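Q: With my numbering as the guide, the letters of the sequence shown map in order to residues 569 to 634. Ideal Cβ placement from N, Cα and C applies to all residues, glycine included. Note that this is a predicted model, so its numbers are computed, not measured. Would you mind keeping the following structure in view while I ask a few things?
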Amino acid sequence: MLCNECGKNEANVHVTYIINGKKTESHLCEECAKKNKSILNSSFSMENLFSAMLNNSFNNKTYLPA
């Protein structure tokens with residue numbers, strides 16, 4: 569798949585946005601992704617995701633009888 573921005577290089581950065589229920593996909597090469605700072609400076613991180621998931625699972629403990 570070619571880059572949506574330059575149309576020359578192979579797209580190796582794939583971003584999916586879901587805003588107000590509308591899904592938009594962007595497929596960029598590394599060069600164009602670096603130029604598009606909003607993708608690289610996203611507030612999303614895997615660390616934050618896993619931390620939130622673990623906190624939620626520890627707060628919602630389910631105890632089963634032995």
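1. What residue from Ala601, Cys597 and Lys602 has the CA that sits closest to Lys576's CA?
2. Any idea if Cys574 is buried or exposed, counting beta-carbon neighbours within 10 angstroms, 16 or more meaning buried?
3. Can Asn572 and His595 be called in contact, C-beta distance under 8 Å?
4. Classify Glu578 as helix, strand or coil using the three-state DSSP reduction.
A: The short version:
1. The residue given as residue 576 occupies position 8 in the sequence shown. For Lys576, the nearest C-alpha among the options comes from Cys597.
2. On the sequence shown, residue 574 is found 6 positions in, with the first residue counted as 1. Answer is exposed; the Cβ neighbour count stays below 16.
3. Position 4 of the sequence shown holds residue 572. Position 27 of the sequence shown holds residue 595. Asn572 places its beta carbon less than 8 Å from that of His595.
4. Residue 578 sits at position 10 when you count from the first residue of the sequence shown. Of the three classes helix, strand and coil, the one that applies to Glu578 here is strand, per DSSP.
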